[in-house]
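Heads up, the thing below is written out as structure tokens.
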Amino acid sequence: MKKQELIHLHGLLAEVSNHYELRSENTIDHTKYEELGVQPTSIHKSKTDHKEAVFMLATGITDEIVAVEDEQPISAAAD
């Protein structure tokens, strides 16, 4: 994947994260992501930095979704 594509994916995941937090009562733990200091607008950062940020964002989003699903009763999850 090219750096420009990673930056675009980084921006999309940031939007997904923001949208999820706005639409739900849950928050995503972005501690590890924020420690990287790489934002989608940080175009001067390396491809590797953006790749790591993408993985951190994706992991945070999926971990939160899994945690919320595990808290729901089975009958509600089937609906």
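If you count the sequence shown from 1, position 47 lands on 177 in our numbering, and the numbers rise without skipping. C-beta atoms are modelled at their ideal positions from N, C-alpha and C, and glycine is treated no differently. These figures come from a predicted structure and were not determined experimentally.
Q. Would V168 pass as a contact of K175 if the rule is Cβ separation under 7 Å?
A. yes
Q) For S147, is the classification buried or exposed, using 16 other Cβ atoms within 10 angstroms of its Cβ as the cut-off for buried? A) buried
Q: Leaving aside the five residues before and after G141 along the sequence, list all residues of the same chain whose C-beta is less than 6 Å from its C-beta, in chain order.
A: P170
(Q) Out of I137, L143 and N156, which one is the CA nearest neighbour of I76? (A) Given that the chain is displayed from residue 131 to residue 209, the structure contains no residue 76 and the question cannot be resolved.
Q) Do H149 and G190 have their C-beta atoms within less than 7 Å of each other? A) no
Q | G141 - DSSP class collapsed to helix/strand/coil | A | helix
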